[in-house]
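Participant:
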Amino acid sequence: MAVSVLYMSMSLDGFIAGPGDGPDHPGGDGFMRLHDWFVSPDGEFVRPAGAAGEVVDEMNACAAILVGRRTVEQVDHWGGEHHIKGVRIFVPSHRPPAPEVAGYPLVTYVHDGIAAAMAQAKEAAGEGRVLVHGAYTARTALEAGVLDELQIHQIPVLFGGGRRLFEALDRRLELEVVRVVDTAEATHIRYRVKY
């Protein structure tokens with residue numbers, strides 16, 4: 010059965026976006042600092058050397074994607090195909106998609122909740138992993154009990170403000186540390202959610 014994994018870069022003080030994050034300024038001030046560990050200065054995704062490269066390989070081997078509407082609209086649905094080529098993209102949303110999404114056959118909007126969206130993504134992934142993007146989507150998936158693991162890329166920086174990953178959850182959740190990969194650019198911590 011497929012496993013769902015949130016992949017998220019985060020500052021030490023819990024921010025996934027800097028101050029000023031919004032539709033006209035996705036990620037806010039300093040956002041790219043959270044991604045320096047795998048994005049080149051000109052904005053291209055790169056495979057870091059060593060253990061961090063293995064973390065990127067694992068992320069790129071995902072078999073389906075579940076992404077929040079805010080996140081996916083900020084990147085125009087990746088033009089209909091995520092950098093992980095050929096995988097289906099599921100977007101939980103109560104509103105219909107914009108008309109241009111009809112031209113993106115790999116993108117599916119799911120209108121009956123996060124659990125249904127995750128079920129469709131896991132079915133599409135088969136025995137593989139579902140890559141989860143988006144803070145709100147991660148929180149609602151945790152609250153619904155359908156997010157299996159968190160892969161947090163802890164960046165050695167304090168943002169002091171912005172958008173937090175876990176602003177508020179509806180209950181306490183225990184996590185089990187599965188793996189820690191420590192590099193100079195980030196500490197990559199994989200957690201399993203204990204429901």
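Using my numbering, read the sequence shown as starting at 10 and increasing by one per residue. By construction, the Cβ of each residue, glycine as well, lies at the ideal position given by its N, Cα and C atoms.
Using the C-alpha atoms, what's the distance from Val14 back to Asp157?
Facilitator: Going by the C-alpha atoms only, they are around 6 Å apart.
Participant: To the nearest angstrom, how far is it from the Cα of Thr146 to the Cα of Thr80?
Facilitator: Straight-line Cα distance between these residues: approximately 9 Å.
Participant: Where do the N-terminal and C-terminal ends of the alpha helix (DSSP H) with Leu184 fall, by residue?
Facilitator: Unbroken run through Leu184 is the beta strand (DSSP E), 183 to 191; no alpha helix (DSSP H).
Participant: Buried or exposed for Asp179, going by 16 or more other Cβ atoms inside 10 Å?
Facilitator: So Asp179 counts as exposed.
Participant: Using 8 Å as the Cβ pair cut-off and three pairs as the minimum, do the region 159 to 174 and the region 191 to 200 touch?
Facilitator: They touch, by the three-pair rule.
Participant: In angstroms, rounded to a whole number, what distance separates the CA positions of Ala60 and Ala124?
Facilitator: Cα-Cα distance, rounded: 33 Å.
Participant: Hey, which unbroken runs of the alpha helix (DSSP H) at 4 residues or more fall wholly within the region 16 to 83?
Facilitator: For the region 16 to 83, whole alpha helix (DSSP H) runs of length 4 or above, ordered along the chain, are 59 to 69, 78 to 83.
Participant: Within a Cβ cutoff of 7 Å, which residues of the same chain sit near Gly171, ignoring the five residues on either side of it in sequence?
Facilitator: Closer than 7 Å at the Cβ level, and outside the excluded window around Gly171, lie Phe24, Ala26, Gly27, Pro28, Asp30, Gly37.
Participant: Take the Cβ of Gly135 as the centre, count every other Cβ of all protein chains shown within 10 Å, and call the residue buried at 16 or more, exposed below.
Facilitator: Label assigned to Gly135: exposed.
Participant: Mind listing, in chain order, the continuous alpha helix (DSSP H) runs of no fewer than 4 residues lying wholly within the region 82 to 140?
Facilitator: The region 82 to 140 contains these whole alpha helix (DSSP H) runs: 123 to 134.
Participant: Reducing DSSP to helix, strand and coil, say where Arg2 ends up.
Facilitator: The structure shown does not extend to residue 2, since the chain is modelled only from 10 through 204, so no value can be given for it.
Participant: From the DSSP output, which residues share a beta bridge with Arg173?
Facilitator: Looking at the DSSP assignment, Arg173 forms a beta bridge with Phe24.
Participant: Looking at the secondary structure, which residues open and close the alpha helix (DSSP H) in which Leu151 lies?
Facilitator: Looking at the DSSP string, the run of the alpha helix (DSSP H) that includes Leu151 is 144 to 153.
Participant: Anyone know if the C-beta pair for Ile164 and Ser18 falls short of 8 Å?
Facilitator: A contact, by the Cβ cut-off of 8 Å.
Participant: With a cut-off of 8 Å, do at least 3 Cβ pairs link the region 37 to 46 to the region 100 to 118?
Facilitator: Verdict: no, contact absent.
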